[in-house]
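All remarks here apply to the structure that follows.
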Amino acid sequence: MRSPSFTFAPIKRFFGNISLVVLLNLLVKPGWVLVENLVQDRLGHQAFGTFTTLFILASVMAAVSDLGTTQLTTKRVAASPSS
-13 MRSPSFTFAP
-3 IKRFFGNISL
7 VVLLNLLVKP
17 GWVLVENLVQ
27 DRLGHQAFGT
37 FTTLFILASV
47 MAAVSDLGTT
57 QLTTKRVAAS
67 PSS
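Its first residue numbered -13, the sequence shown is counted upward by one per residue in our numbering.
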């Protein structure tokens, strides 16, 4: 009998990578919550709220300003590769 040409290696690698990401996320999140609470206690609630608001605003502005720039740059670089 012939063996099937389909192998499960890519699927196993995919789930292995997903498992690694989930594991790292579970290890990092508690530390991040602890650090965020310590910073909030040191800065005070009002200053931390202002910092968080400005950080989110900057993140949104960065995302809006990037609309299509990365794809356009990648397309242009791929169209004219240098030797």
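Glycine is no exception: its CB is placed at the ideal position from the N, C-alpha and C atoms. These figures come from a predicted structure and were not determined experimentally.
Look at aspartate 27 here: in three-state DSSP terms it is helix.
Proline 67 carries a coil assignment under DSSP once its states are collapsed to helix, strand and coil.
When the beta-carbon positions are compared, phenylalanine 37 and leucine 29 come within less than 8 Å of each other.
DSSP, read as helix, strand or coil, puts phenylalanine 37 in helix. Rounded to whole angstroms, the separation of the alpha carbons of lysine 15 and serine 51 is 29 Å.
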